[in-house]
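Trainee: This structure is in structure tokens; I'll ask about it shortly.
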Amino acid sequence: MSQDTLSDVLRGVRLRGAVFFSISGNSEWAAEAPSAKELAPLLMHGVDHVIEYHAVAQGSCWAGIPGGPSVQLFAGDVVMFPHGDAHVVSSAPGMRGDSDFSWFPGAHAQVDQLPLRLAYNGRNVVHSAPPDPDADATIVCGFLGCDLQPFNPLIAALPHLMHLRATEGDAWIAKFTQQAVAESHARRPGGEAMLARMSEMMFVDAVRRYADHLPAQSAGWLAGLRDRYVGRTLALIHEQPAQDWTIDELGRCVGLSRSALHERFVHLIGMPPIHYLALWRVQAAARQLLETRATVAAIALDVGYESEAAFARAFKRLVGMPPGAWRRERDARAELAQ
Numbered sequence: 173m174s175q176d177t178l179s180d181v182l183r184g185v186r187l188r189g190a191v192f193f194s195i196s197g198n199s200e201w202a203a204e205a206p207s208a209k210e211l212a213p214l215l216m217h218g219v220d221h222v223i224e225y226h227a228v229a230q231g232s233c234w235a236g237i238p239g240g241p242s243v244q245l246f247a248g249d250v251v252m253f254p255h256g257d258a259h260v261v262s263s264a265p266g267m268r269g270d271s272d273f274s275w276f277p278g279a280h281a282q283v284d285q286l287p288l289r290l291a292y293n294g295r296n297v298v299h300s301a302p303p304d305p306d307a308d309a310t311i312v313c314g315f316l317g318c319d320l321q322p323f324n325p326l327i328a329a330l331p332h333l334m335h336l337r338a339t340e341g342d343a344w345i346a347k348f349t350q351q352a353v354a355e356s357h358a359r360r361p362g363g364e365a366m367l368a369r370m371s372e373m374m375f376v377d378a379v380r381r382y383a384d385h386l387p388a389q390s391a392g393w394l395a396g397l398r399d400r401y402v403g404r405t406l407a408l409i410h411e412q413p414a415q416d417w418t419i420d421e422l423g424r425c426v427g428l429s430r431s432a433l434h435e436r437f438v439h440l441i442g443m444p445p446i447h448y449l450a451l452w453r454v455q456a457a458a459r460q461l462l463e464t465r466a467t468v469a470a471i472a473l474d475v476g477y478e479s480e481a482a483f484a485r486a487f488k489r490l491v492g493m494p495p496g497a498w499r500r501e502r503d504a505r506a507e508l509a510q
């Protein structure tokens, strides 16, 4: 298929990245980050969900979810928290940081003060600290924002913690961490935009690597992409969401009977193909509502609805408000963020 389904989803949920601060740590140190629900209004206005990541520029440290998994990180490694869990980055496993998050960017820093530099020496935190070439660890902390509503099939398919180990084939990620540290100190024009794009590239690479190493019997949206029949079905839906698809027509296109396709799709994706189509139509419409000035009626027809009323009912079921009201609410939120 010509359609890149993963790219289509990433465009549809409006993935965007940012790098906000770097941390250096010495002695026994721990930095605790709040959940995505607390992060989003502080750092990335106008987004539904924030994914935090940490890339190690030098040294080693640990990252983990309190009461959950933890991993040891070395230079060139990256750890991500796709579900936005509160987590800790520290010199040793099992440590906890300050629970009031008073150190966190957004709690006290203005936008023009970012990226923020923090230096930990035990429990002491120094803001805007100069680079320490002898630090036990230097990490770059960044954020990726995306929409969860109306429909984001990717986030649910990812684990709570993703660890990308440094490999020879991914030397560009190590270069990214070094560049991010340099930019956090130099604050040159265009650096924020460059690092944001590199953050997005890193997330896509992480998702692809995770999908490539899924066990053969895995289920979920990413496993569906890999499947010969379900992957082609997803591609058809994403390539032509306005098409009047039926399960029979999809089955003929991918070479399966309607019952076999239904069973295979439900097993991997968790819902029937036509239900998925309905959800993706609403998501495609939501993107147009936010990125164009087309009327609700025109958007409804463009994504495959026979009438504006039918689209409005489907949209309200998913989002909780009519499309026009949702567009106005999002526009107002975007204006406040500027």
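If you're matching positions, the sequence shown starts at 173 in this note's numbering and goes up one per residue.
Heads up, the beta-carbon is just placed ideally off N, CA and C, and yes, glycines get one too.
(1) Can you say whether residue 349 is buried or exposed, counting buried as having 16 or more other CB atoms within 10 angstroms of its CB?
(2) Over what stretch of residues does the beta strand (DSSP E) that includes residue 290 continue unbroken?
(3) Note down, one range per segment and in chain order, each alpha helix (DSSP H) of at least 4 residues found wholly within the stretch 352-424.
(4) Measure the beta-carbon distance from residue 231 to residue 208 and round it to whole angstroms, keeping in mind my assumption that it falls under 8 angstroms.
(5) Please report the straight-line C-alpha distance between residue 189 and residue 335, rounded to a whole angstrom.
(6) Does the count of Cβ pairs from the stretch 424-432 and the stretch 457-470 closer than 8 angstroms reach three?
(7) Does the Cβ of residue 412 have 16 or more other Cβ atoms within 10 Å, making it buried, or fewer, making it exposed?
(8) Are the stretch 236-256 and the stretch 213-226 in contact at 8 angstroms, needing three or more beta carbon pairs?
(9) Can you list, in chain order, the residues of its chain whose CB lies under 7 angstroms from that of residue 441, leaving out five sequence neighbours each side?
(10) If you draw a straight line from the alpha carbon of residue 282 to that of residue 214, how long is it in whole angstroms?
(11) Taking one C-beta from the stretch 193-209 and one from the stretch 286-301 each time, how about it: are there three or more such pairs within less than 8 angstroms?
(12) So what's residue 496 in DSSP terms, helix, strand or just coil?
(13) Between which two residues does the beta strand (DSSP E) holding residue 225 run?
(14) Of all the options 364, 377, 322, 331, which has the alpha carbon lying nearest to the alpha carbon of residue 344?
(15) Determine the contact status of residue 323 and residue 460, defining contact as a CB-CB distance below 7 angstroms.
(16) Name the DSSP bridge partner or partners of residue 195?
(17) Quick check: the Cα distance between residue 435 and residue 391, rounded to an integer number of angstroms?
(18) May I have the straight-line CA-CA distance separating residue 318 from residue 305, to the nearest angstrom?
(19) Going by beta carbon distance, what residues of the same chain come within less than 7 angstroms of residue 406, once the five residues before and after it are set aside?
(20) Decide if residue 280 is buried, meaning its Cβ has at least 16 other Cβ atoms within 10 Å, or exposed.
(21) Of all the options 245, 347, 325, 425, which has the alpha carbon lying nearest to the alpha carbon of residue 308?
(22) Measuring CA to CA, which of 288, 382, 185, 479 is closest to residue 311?
(23) For residue 490, which residues of its own chain have a beta-carbon under 8 angstroms away from its beta-carbon, when the five flanking residues on both sides are left out?
(24) Classify residue 506 as helix, strand or coil using the three-state DSSP reduction.
(25) Rounded to a whole number of angstroms, what is the C-alpha to C-alpha distance between residue 268 and residue 298?
(26) If we count the other Cβ atoms within 10 Å of its Cβ and call it buried at 16 or more, is residue 242 buried or exposed?
(27) Taking the Cβ atom as the reference point for each residue, do residue 205 and residue 259 lie within a distance shorter than 7 angstroms?
(28) Buried or exposed: which applies to residue 439, given that a residue is buried once 16 or more other Cβ atoms fall within 10 Å of its Cβ?
(29) Return yes when the Cβ of residue 496 is within less than 7 angstroms of the Cβ of residue 475, no when it is not.
(30) Alpha carbon to alpha carbon, how far is residue 362 from residue 284? Give it in angstroms, no decimals.
(31) Starting from residue 259, follow the alpha helix (DSSP H) in both directions and report where the run begins and ends.
Mentor: Concretely, from the data shown:
(1) buried
(2) 288-293
(3) 363-384, 393-398, 400-411
(4) So it is not a contact: roughly 27 angstroms between Cβ atoms.
(5) 18 angstroms
(6) no
(7) exposed
(8) yes
(9) 393, 396, 402, 448
(10) The predicted model places residue 282 with a pLDDT of 46, which falls under 50 and marks its position as unreliable, so this point remains unresolved.
(11) yes
(12) helix
(13) 221-236
(14) 377
(15) no
(16) 290, 311
(17) 13 angstroms
(18) 34 angstroms
(19) 177, 396, 397
(20) Residue placement at residue 280 cannot be trusted, given a pLDDT of 45 that sits under 50; the coordinates are not used to answer.
(21) 245
(22) 288
(23) 321, 322, 323, 451, 454
(24) helix
(25) 18 angstroms
(26) buried
(27) yes
(28) exposed
(29) no
(30) Its pLDDT being 49, under 50, residue 284 is placed unreliably in this model, and the value from its coordinates should be taken loosely. Using only the alpha carbons, I get a separation of about 14 angstroms.
(31) It is not in any alpha helix (DSSP H) - residue 259 instead sits in the beta strand (DSSP E) that spans 259-262.
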